[in-house]
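Residue numbers (my numbering): 19 to 283.
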C-alpha cells in the first residue's frame with residue numbers, strides 16, 4: 019500500500035475492498051500506525067468541533083457574569099456581597115444553583131431541581147436525585163479566603179481555555195488509540211474463531227491489519243455523533259456493527275488457499 023492509499027484508507031475502506039487485501043500484508047507496527055492515524059483524525063475533528071462551539075461557552079460565560087454577584091468563601095463559611103438568597107436559573111439549562119447566606123442548613127428536599135445549593139455553612143450537590151452535603155472549609159488544613167466575581171470567572175476562563183482544549187486533544191488521541199487497538203485485537207480474536215470453520219487460515223498480522231482498516235467505519239459514525247443533527251441517527255453500536263461487517267468482508271475477500279482453488283478447478 020503506497021502512502022496515498024494509506025492516507026485515504028479511511029475513505030477507501032467503505033467501498034474499495036482491495037484495500038483489505040493490502041491491509042492483510044501489514045506488519046503489526048504498520049497496523050498500529052494506521053490506528054494512531056485514525057485516532058489523530060478523530061482528535062483533530064473533536065478539537066475543531068470544540069472550537070466551533072466555543073461561542074456557546076462564551077455566551078454562557080457572559081450570562082453567568084451578569085447573574086452571579088460577588089461571593090466570599092472562607093474557612094468560616096460563605097457570604098454574598100448583597101446578603102440574601104440568589105437563584106441562578108439559565109433560560110435553556112434550567113435551575114442551576116442557589117446561594118443563600120441567611121441560612122446555615124437546609125433539608126435535601128428543599129433543593130428541588132437545583133443542582134447546587136450553598137448556604138452560609140454548607141454545600142449541597144444534587145446528583146440525579148441523590149443529595150450530597152459537606153461543610154464549607156471542613157477539608158481545609160489552614161484558614162483561607164476567596165472572593166469570586168465576574169472578573170475572576172473571566173480570568174479563569176481565559177487562563178484555562180487553551181490548556182484544557184490541548185489536554186482534551188491529546189487525551190482523546192491516547193484514549194482513542196488504546197480503545198481502537200483493543201478493538202482491533204478483539205476483531206482479530208474473532209477472526210481466529212471464525213477460521214476454525216473455514217479453509218482459509220490467516221495469521222495474526224493478517225487479521226490485525228484487516229481489523230485496523232475495518233475500524234474506519236466505527237470512526238466515521240463516531241464523528242457523526244459530534245453533529246447534533248445526526249447524533250440520533252448514528253448510535254455508537256451501529257459503528258461497531260459496521261466494523262464487524264467490514265472485518266468479515268475483509269476476511270472473505272482474501273485470496274483462497276491454493277489447495278481450495280485446485281478443488282474448485
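Glycine included, each C-beta is placed from N, C-alpha and C at the ideal position.
For clarity, every value in this text was computed on a predicted model and none was experimentally measured.
Taking C-alpha positions only, residue 44 is separated from residue 227 by approximately 5 Å. Going by beta carbons, residue 258 and residue 236 fall inside the 8 Å limit. Between the C-alpha atoms of residue 49 and residue 71 there is a straight-line separation of about 33 Å. Judged by beta-carbon spacing, residue 31 lies within the 8 Å limit of residue 234, meaning their Cβ atoms are closer than that value.
Considered as a whole, the region 64-105 harbours 72-85 as its complete alpha helix (DSSP H) runs of no fewer than 4 residues, in chain order. Shown here for residue 224: same chain residues with a beta carbon closer than 6 Å to its own, the five before and five after excluded, namely 42 in chain order.
Excluding its 5 nearest sequence neighbours in each direction, residue 89 has C-beta neighbours in its own chain below 7 Å: 96, 98, 117, 166, listed in chain order.
Taking residue 141 as reference, the option from 83, 131, 123, 130 with the minimal CA-CA separation is 123. For residue 206, no beta strand (DSSP E) run applies; the uninterrupted alpha helix (DSSP H) run containing it begins and ends at 168-212, by DSSP. Non-local beta-carbon contacts of residue 40 in its own chain, meaning distances under 8 Å to residues more than five positions away in sequence, involve 19, 23 in chain order. The beta-bridge partner set that DSSP reports for residue 144 consists of 149.
Residue environment for residue 136: buried (at least 16 other C-beta atoms within 10 angstroms of its C-beta).
Judged by DSSP secondary structure, residue 38 falls within the alpha helix (DSSP H) whose first and last residues are 36-41. Assignment of residue 44 by DSSP, reduced to helix, strand and coil, places it in the coil class. By the criterion of a C-beta distance shorter than 6 Å, residue 150 is surrounded in its chain by 143, once the five residues flanking it on both sides are discounted.
Under the three-state reduction of DSSP, residue 33 is assigned to coil, being neither helix nor strand.
Around the beta-carbon of residue 28, 16 or more other beta-carbon atoms lie within 10 Å, marking it buried. The three-state secondary structure of residue 155, taken from DSSP, is coil.
In this structure residue 263 is not in contact with residue 229, their Cβ atoms being roughly 12 Å apart against a cut-off of 8 Å. In this structure, DSSP gives residue 216 a state outside helix and strand, which the three-state scheme calls coil. In chain order, 93 place their CB closer than 6 Å to the CB of residue 161, counting only its own chain and leaving out the 5 sequence neighbours on each side. Boundaries for residue 25: no beta strand (DSSP E) harbours it, while the alpha helix (DSSP H) harbouring it runs 21-25, taken from the DSSP string.
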